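K.L.:
2 protein chains.
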Amino acid sequence: MSSLLSKHESVYRSIRERILGGTYGPGERLVLSAIARDLDVSPVPVREAMRRLEAENLITFERNVGARVNTLDDEEWEQLVEMLALLDGYAMRRARCRITPAAIGEAQRLNDALRAHAGGPADQHGEVMALHRLFHRTLYASGDNRYLIESLDSAWDRIDASRVLVSRWPAHRLASSVDEHDELLRMLRSGEVAADELERCTRQHSLNAIIAIRGRETPGQLDRVVLPGLP
Amino acid sequence: MSSLLSKHESVYRSIRERILGGTYGPGERLVLSAIARDLDVSPVPVREAMRRLEAENLITFERNVGARVNTLDDEEWEQLVEMLALLDGYAMRRARCRITPAAIGEAQRLNDALRAHAGGPADQHGEVMALHRLFHRTLYASGDNRYLIESLDSAWDRIDASRVLVSRWPAHRLASSVDEHDELLRMLRSGEVAADELERCTRQHSLNAIIAIRGRETPGQLDRVVLPGLP
DNA sequence: GACTCTCGGATCGTATACGATCCAACGAAA
DNA sequence: TTTCGTTGGATCGTATACGATCCGAGAGTC
Numbered sequence: 009m010s011s012l013l014s015k016h017e018s019v020y021r022s023i024r025e026r027i028l029g030g031t032y033g034p035g036e037r038l039v040l041s042a043i044a045r046d047l048d049v050s051p052v053p054v055r056e057a058m059r060r061l062e063a064e065n066l067i068t069f070e071r072n073v074g075a076r077v078n079t080l081d082d083e084e085w086e087q088l089v090e091m092l093a094l095l096d097g098y099a100m101r102r103a104r105c106r107i108t109p110a111a112i113g114e115a116q117r118l119n120d121a122l123r124a125h126a127g128g129p130a131d132q133h134g135e136v137m138a139l140h141r142l143f144h145r146t147l148y149a150s151g152d153n154r155y156l157i158e159s160l161d162s163a164w165d166r167i168d169a170s171r172v173l174v175s176r177w178p179a180h181r182l183a184s185s186v187d188e189h190d191e192l193l194r195m196l197r198s199g200e201v202a203a204d205e206l207e208r209c210t211r212q213h214s215l216n217a218i219i220a221i222r223g224r225e226t227p228g229q230l231d232r233v234v235l236p237g238l239p
Numbered sequence: 009m010s011s012l013l014s015k016h017e018s019v020y021r022s023i024r025e026r027i028l029g030g031t032y033g034p035g036e037r038l039v040l041s042a043i044a045r046d047l048d049v050s051p052v053p054v055r056e057a058m059r060r061l062e063a064e065n066l067i068t069f070e071r072n073v074g075a076r077v078n079t080l081d082d083e084e085w086e087q088l089v090e091m092l093a094l095l096d097g098y099a100m101r102r103a104r105c106r107i108t109p110a111a112i113g114e115a116q117r118l119n120d121a122l123r124a125h126a127g128g129p130a131d132q133h134g135e136v137m138a139l140h141r142l143f144h145r146t147l148y149a150s151g152d153n154r155y156l157i158e159s160l161d162s163a164w165d166r167i168d169a170s171r172v173l174v175s176r177w178p179a180h181r182l183a184s185s186v187d188e189h190d191e192l193l194r195m196l197r198s199g200e201v202a203a204d205e206l207e208r209c210t211r212q213h214s215l216n217a218i219i220a221i222r223g224r225e226t227p228g229q230l231d232r233v234v235l236p237g238l239p
């Protein structure tokens, strides 16, 4: 008689869920014994779960001190999104010749749902972010490269854990984002867009998130924004 | 009184070292109690080390059965190298405006050392691979994006662990590889090469490794090789 | 008042113990 | 001979116990 999940596995999932969902915010302390008590297991499986979370860069463990949820400062966040742009762009290039009409349809549905939220109440930010992430995942999963998908999932996890998008994503960005999504879907459907062009546009779409967040921090300086890596 | 490293940390490093160095080959079984005895610790820190290695995709843990060093079949290996090509290409694009003359010089030295090995005895394959990896690391580290560097290191680790390059890298590839390295350094030095072009060439350089390995498996079919993602 | 020292609680780190699970080898039945 | 059930050893999974370390609070000193 055994449960489907080992204790270490279920503990891992619980903690991860709470980090990605914001229950445990950035910088928050994770006390081993407290979590063990809370989840009704001994500290041993909790430690194992934490080692995995540490290896996934969601928490940092300090010896004889304990674990904290990782934080991202502005520069780190931008570098992470920049990598997301890179991976997503290439996944789209791969997806171009592989994606099924069904997947395109699914992505379109998600984007339409997203559009329905534009201008809506701000308290649905969590839901909007989930839809947005799912839209991208539908596309990049069609790229069908296991390592690309792994890395993208992991990068999105870190983005979610950082709470930056949830707390600082400017409302007006959603509308442009949805339009760019439509444009990407159009390029995918036509089949006549060059791979280079599709990759470039997808990359730019993600980089626009950086511009949006920066613009919100220092309004009026948008024209001085220098994005990395662009010619 | 404490050692500098916790037991779990030193165990982690030992096992990792052995996997990357080939002492533990792909598919090999890692028995908890045996390793604990070998390293003179209790099984608990060994389990923690294994959780990290599992999260890093170097081993796979099966419940109530144990751990094995991960293997990569041909398709997985190619997909991994393809991602390496992507990351490396972009890192080079970033490096273009950031790299120091010292770093370029260091890379040149490494490549010259590599050239000295071309045509040499095959039993220095391990050393050649280390030089080759270091050459690339010198350049992509200049890209100066923490997440890019992390991902590249991790991908190279998996490549090393797979032993594919060590066991199947055709001798003649080394010479062309070294020439391509020189060409990349030339492009970096001149400063007049467009970022897109530099990224494209770097990407292609890595993809050439796939062609070389495939060509070795099925000689005479080189012209039928279809590389993914290229226009 | 500022600084240092000491102490105690909180927390982590690891060993040990033991139950649970798997799996391969063996033997009995069809 | 093949199949299926049984059994024993190898191995993992987790709880418990206890020592080690850290860190903040308060006392003592300059």
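Protein chains in written order, with our numbering: chain A, 9 to 239; chain B, 9 to 239.
Virtual Cβ for every residue (Gly too), placed ideally from N, Cα, C.
Keep in mind the model is a prediction, meaning the values are calculated, not measured.
1) With DSSP collapsed to three states, give me the class of GLY199 (chain A).
2) For SER170 (chain A), which of A:ALA220, A:GLY29 and A:SER11 has the nearest alpha-carbon?
3) Roughly how many whole angstroms lie between the Cα atoms of GLU86 (chain B) and ILE157 (chain B)?
4) My output table needs one value for GLU191 (chain A): the three-state DSSP class, helix, strand or coil.
5) Using a Cβ-Cβ cut-off of 7 Å (strictly less than) and excluding sequence neighbours within five positions of PHE143 (chain A), which residues of its own chain qualify?
6) Counting only beta-carbon separations shorter than 8 Å, does VAL77 (chain B) have a partner in chain A?
7) Do the CB positions of ARG101 (chain A) and GLU84 (chain B) come within less than 8 Å of each other?
8) From ILE218 (chain B) to VAL89 (chain B), what distance separates their C-alpha atoms?
9) Within the region 51-94 of chain B, note down every full alpha helix (DSSP H) run reaching 4 residues or more, in order along the chain.
10) Whose Cβ in chain A lies nearer than 9 Å to the Cβ of GLU84 (chain B)?
11) For the alpha helix (DSSP H) that contains ARG166 (chain B), what are its first and last residues?
12) Please classify LEU12 (chain B): does DSSP put it in a helix, a strand, or coil?
13) Can ALA57 (chain B) and THR68 (chain B) be called in contact, C-beta distance under 8 Å?
14) Compare the C-alpha of ILE43 (chain A) against each of A:LEU206, A:HIS16 and A:GLY128 and name the closest.
15) With 8 Å set as the bound, which would you pick, yes or no: does the beta-carbon of MET91 (chain A) sit closer than that to a beta-carbon of chain B?
16) Apart from the five residues on each side of it in sequence, which residues of its chain come closer than 7 Å, Cβ to Cβ, to GLY35 (chain B)?
17) Can you tell me whether ARG101 (chain B) is helix, strand or coil according to DSSP?
18) Can you pull the DSSP bridge partners for LEU38 (chain B)?
19) Quick one: Cα of LEU173 (chain A) to Cα of ARG37 (chain A), how far?
P.N.:
In short:
1) coil
2) A:GLY29
3) 20 Å
4) helix
5) ALA115, LEU118, ASN119, LEU122 and HIS189
6) no
7) no
8) 7 Å
9) 51-63
10) ARG154 and TYR155
11) 154-170
12) coil
13) no
14) A:HIS16
15) yes
16) ARG76, VAL77 and THR79
17) helix
18) B:ALA75
19) 22 Å
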